[in-house]
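Presented below is the structure to which this report refers.
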Amino acid sequence: MPHESALIDRARLRSNQWRKLRGLLMHLATTEGFYARKFREAGVRVTSMGRLEEFVAQTPFTTKEELLADRLEHPPFGTNLTRHPAQYTRFCQTSGTSSGQPMAWLDTPESWEAMLECWRRVYEAAGLAKGRDRIFFAFSFGPFLGFWTAFEAAARDYLALPGGGLSSQARLEMMARYGATVLCCTPTYALRLGEMIGEASGVERMALRVTKIIVAGEPGGSIPEVRARIEKLWDASVHDHHGMTEVGPVTFESADLPLCLQVIEDAYLAEIIDPATGREVEEGTQGELVLSTLDRAACPLLRYRTGDWVRKRMVNNRLVLEGGVLGRLDEMVVVRGVNIYPSAVEAVVRQFPEVAEFMVEQRKVDDMDEIELLVEAPEAVSKSLLKRLENKLRDTFSLRIPASLALPGSLPRHEFKARRWRKV
């Protein structure tokens with residue numbers, strides 16, 4: 000069932016958001032940190048703001064480039080910390096995949112607890128039963144926030160099984176041995192593990208009790224073709240979620256809104272903007288997700304441009320991202336005038352179950368971007384498969400994208416975020 004606060008009156012929600020945000024703004028105005036300087040440089044007087052609408056109209060966006068620059072100037076943690084350094088007890092780090100350089104994030108026990116509460120919403124929305132479900136975490140447990148918050152939140156209400164440091168074979172065996180009912184991992188790894196069930200691992204489907212899979216880290220969980228393939232391999236339902244180290248767990252998927260991500264609005268003020276104008280888009284329109292943290296006050300972000308490309312919908316007073324995260328602005332490629340996101344290519348490829356793995360190569364030809372699809376597939380079907388793939392890509396994107404066969408086992412397999420797009 001949806002969380003009770005998801006159904007509250009919109010005006011009441013806005014009032015609660017402003018109450019939290021105003022308290023944070025008043026505190027930031029008394030510091031000498033990142034936002035105090037940012038406000039002064041922009042001529043923003045937070046003490047004169049009386050409504051949420053004034054905050055949105057007057058507060059400049061925060062970008063990842065600004066945060067990186069602040070950390071370089073004030074290493075290693077930057078200056079957007081609102082508490083005394085001795086009060087911070089948790090360290091996490093971004094993957095650095097989009098910026099090329101990871102960023103460290105610190106949390107106090109209070110800000111950490113706020114994120115655990117968001118993760119508990121994810122589990123509730125997926126219909127997990129306290130004291131009954133056993134959640135297996137197929138993570139490496141590196142310094143990424145999502146691993147630790149997901150695990151610690153689960154340990155409050157469920158049996159949490161850590162799978163870090165294990166091979167895929169050992170993870171399947173452990174899930175069978177200890178009766179895991181829920182699997183948490185990336186969509187890519189859910190596919191990889193699922194394909195090993197049976198002869199490849201010796202772990203038969205009947206030995207596994209997994210009935211639900213919670214995925215995050217990539218758009219695949221809300222791509223119908225990817226979801227269908229995972230559900231068929233596991234005979235289990237898929238539940239999508241998304242978040243990021245910079246802000247925390249942001250969304251969950253409720254049973255009554257499949258293939259949509261609901262924003263946890265009592266923890267985040269969310270805007271969906273036109274990147275060119277910075278203005279809020281109309282319902283049903285795609286735009287960039289912008290977030291302000293309301294509860295993670297020890298390392299706050301205000302109007303943070305996430306780079307996530309989403310479609311705005313309002314359903315029963317709830318803000319939802321229809322189709323999940325559709326892609327990232329920094330991953331979009333323009334090929335002969337057509338905007339292409341990696342997630343859109345994956346949606347096509349996953350319609351062909353013969354494809355074991357794939358990679359997209361991007362190269363410059365006469366100063367223009369061109370892409371080519373590489374696939375691993377059984378040799379017996381390769382020739383007809385390549386033709387069908389090219390036809391489907393042409394029908395989808397209205398341009399020719401060549402497909403070719405890669406040697407068996409030559410394309411990388413991924414446990415965390417898949418990297419299926421490379422420049423050559």
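Sequence positions in the sequence shown follow numbering that gives the first Met the number 0 and run 0 to 423. Every residue, glycine too, gets a C-beta built ideally from N, C-alpha and C. Remember, it's a predicted structure, so these values are computed and weren't measured experimentally.
Original post:
Straight-line CA distance for Tyr267 to Leu293?
Top reply: 5 Å
Subject >> Through-space distance from Leu373 to Glu282, alpha-carbon basis >> reply: 37 Å
Original post:
Hey, Glu353 and Val380: beta-carbon distance below 8 Å or not?
Top reply: yes
Original post:
For the alpha helix (DSSP H) that Val359 lies in, which residues bound it at each end?
Top reply: Where Val359 is concerned, there is no enclosing alpha helix (DSSP H), although the beta strand (DSSP E) it sits in stretches over Glu356 to Val364.
Subject >> Stretch-stretch touch, CB-based, cutoff 8 Å, three pairs: the stretch 105-125 with the stretch 271-286 >> reply: no
Original post:
If we ignore side chains and look at the alpha-carbon of each, how far apart do Val202 and Trp111 end up?
Top reply: 37 Å
Original post:
Given Met173, which residues of its chain have a CB within under 8 Å of its CB, disregarding the five upstream and five downstream residues?
Top reply: Phe135, Leu160, Gly162, Leu165 and Ala179
**OP:** Return the residue from the list Pro299, Ser167 and Met331 that minimises the CA-CA distance to Trp308.
**Re:** Met331
**OP:** Could you check how far apart the C-beta atoms of Val214 and Val237 are, in whole angstroms? I think they sit under 8 Å.
**Re:** 6 Å
Original post:
Does DSSP put Gly326 in a helix, a strand or coil?
Top reply: strand
Subject >> Alpha-carbon spacing of Ala199 relative to Pro186, whole angstroms >> reply: 19 Å
Original post:
Taking the C-alpha atoms as reference points, what is the distance between Glu375 and Phe60?
Top reply: 43 Å
Original post:
When the Cα atoms are used, what is the spatial distance from Met48 to Ala189?
Top reply: 47 Å
**OP:** Compare the Cα-Cα distances from Arg310 to each of Gln16, Arg393, Ala103 and Gln285 and report the closest residue.
**Re:** Gln285
Original post:
Of all the options Lys422, Trp147 and Lys416, which has the alpha carbon lying nearest to the alpha carbon of Asp368?
Top reply: Lys422
Original post:
Under the rule that 16 or more other beta-carbon atoms within 10 Å means buried, what is Phe140, buried or exposed?
Top reply: exposed
Original post:
Grouping DSSP H, G and I as helix and E and B as strand, with all else coil, what is Pro75?
Top reply: coil
Original post:
Arg133: which of Tyr177, Glu194, Phe146 and Pro142 sits nearest, CA to CA?
Top reply: Tyr177
**OP:** Work out the CA separation of Gly242 and Val348 for me, nearest whole Å.
**Re:** 25 Å
Original post:
What's the gap between the Cα of Ala235 and the Cα of Val280?
Top reply: 36 Å
**OP:** Please confirm whether Pro299 and Leu23 have their CB atoms less than 8 Å apart.
**Re:** yes
**OP:** Ignore the nearest five residues each way along the sequence and tell me which others in Ala175's own chain have a CB closer than 6 Å to its CB.
**Re:** Val202, Ala206 and Leu207
**OP:** Could you tell me which residues DSSP pairs with Glu369 in its beta bridges?
**Re:** Arg362
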